[in-house]
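Engineer: Just so we're aligned, residue 0 is where the sequence shown starts under numbering that gives the first Met the number 0, counting upward by one.
Cβ atoms here follow ideal geometry from the backbone N, Cα and C, with glycine treated the same way.
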Amino acid sequence: MVYSDFRSMTPERSERLTNVLIKRQPALTIVLENVSDPHNISAVMRTCDAVGIQDIYILNTKIDAHKKWGAKSSSSADKWLSIHQYTEASLCFTDLRKNFNRIYATHLGNDAVDLYQLDLTESVALVFGNEHSGVSEEIMSMVDGNFIIPQVGIIKSLNISVACAVSLYEAFRQKSAAGHYDQQQLSEGQFNSLKNLWGFIKE
Numbered sequence: 000m001v002y003s004d005f006r007s008m009t010p011e012r013s014e015r016l017t018n019v020l021i022k023r024q025p026a027l028t029i030v031l032e033n034v035s036d037p038h039n040i041s042a043v044m045r046t047c048d049a050v051g052i053q054d055i056y057i058l059n060t061k062i063d064a065h066k067k068w069g070a071k072s073s074s075s076a077d078k079w080l081s082i083h084q085y086t087e088a089s090l091c092f093t094d095l096r097k098n099f100n101r102i103y104a105t106h107l108g109n110d111a112v113d114l115y116q117l118d119l120t121e122s123v124a125l126v127f128g129n130e131h132s133g134v135s136e137e138i139m140s141m142v143d144g145n146f147i148i149p150q151v152g153i154i155k156s157l158n159i160s161v162a163c164a165v166s167l168y169e170a171f172r173q174k175s176a177a178g179h180y181d182q183q184q185l186s187e188g189q190f191n192s193l194k195n196l197w198g199f200i201k202e
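(1) Quick check on the burial criterion: 16 or more other C-beta atoms within 10 angstroms. Buried or exposed for residue 182?
(2) Give the secondary structure of residue 42 by DSSP, where H, G and I count as helix, E and B as strand, and everything else as coil.
(3) Rounded to whole angstroms, what's the CA-CA distance from residue 91 to residue 11? Just pull it up for me.
(4) Which residue from 144, 77, 197 and 62 puts its Cα closest to that of residue 130?
(5) Does the structure place the segment 184-195 close enough to the segment 30-44 that three or more beta carbon pairs sit under 8 Å?
(6) By a C-beta neighbour count over all protein chains shown, 10 Å radius and 16 as the cutoff for buried, is residue 172 buried or exposed?
(7) Of all the options 52, 47, 43 and 170, which has the alpha carbon lying nearest to the alpha carbon of residue 24?
(8) Go to residue 96, then tell me how far its alpha helix (DSSP H) extends in each direction, as first and last residue.
(9) So, at 7 Å on beta carbons, what are the nonlocal neighbours of residue 230 in its own chain, with the 5 sequence-adjacent residues on each side left out?
(10) Name, in chain order, the residues that DSSP records as bridge partners for residue 82.
(11) For residue 197, which residues from the same chain have a beta carbon less than 6 Å from its beta carbon, with the 5 sequence-adjacent residues on both sides left out?
(12) Who are the Cβ neighbours of residue 162 in its own chain at under 7 Å, not counting the five residues just before and after it?
(13) For residue 45, is the classification buried or exposed, using 16 other Cβ atoms within 10 angstroms of its Cβ as the cut-off for buried?
(14) CB-CB under 8 Å to residue 157, same chain, minus the five flanking residues each way: which ones, in chain order?
(15) Measure the alpha-carbon distance for residue 19 versus residue 43 and round it to whole angstroms.
(16) Among the residues of its own chain, which have a CB less than 7 Å from the CB of residue 96, if the five just before and after it don't count?
(17) Assign residue 11 to one of three DSSP states: helix, strand, or coil.
(18) Given the structure, does residue 193 come close to the ligand GDP, in the sense that its CB is under 7 Å from one of the ligand's heavy atoms?
(19) Using C-beta distances below 8 Å, list every residue in its chain close to residue 50, excluding the 5 sequence neighbours before and after it, in chain order.
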């Protein structure tokens, strides 16, 4: 990450950062379980930034921790996100439970509900699994429910970054209608901490 001199931040830049932070949504996050392709992760990061997610959780229990992301896929979105990496599912979910009321996973199970039936205006975390095997049984035993994205084609799956984008923009639609983007959702402490941090980041 490249940093700039915070003291040289112009009023225009300060206003831009403020306008973005006002729309950050601390009650919405995503969890990526053992997603191996850094370009998929980067594409997800770009969508997260676009809909106002600040914190994302990356859980790697079967693959090595990621050291870098696909720069072209993310357009450097990772600079503006708070990324939490875990190697133990229990620790990850302990932290999730502290911050979110409900946790849902994408899974083609018999008890899965339609994405559009979820109330995404509540405090919620959405879990997306590995590109090949999906969400693991271990994680399925820890979530509050699972959902599917309606499809009518022969291939009943989407690329993980696409599935994440579809899900997050449904959350964006619901939260916009509920007025969540019309007023600051971050606490004053979170807001000021992030603005101070962002002030040092070179765009």
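Structural biologist: Straight from the coordinates:
(1) exposed
(2) helix
(3) 38 Å
(4) 62
(5) no
(6) exposed
(7) 52
(8) 88-98
(9) With the chain running from 0 to 202 in the structure shown, residue 230 is simply not present.
(10) 55
(11) 16
(12) 105, 127 and 148
(13) buried
(14) 148, 150 and 165
(15) 18 Å
(16) none
(17) helix
(18) Ligands in the displayed structure: none, and consequently the ligand GDP is not present.
(19) 24, 27, 167, 168, 170 and 171
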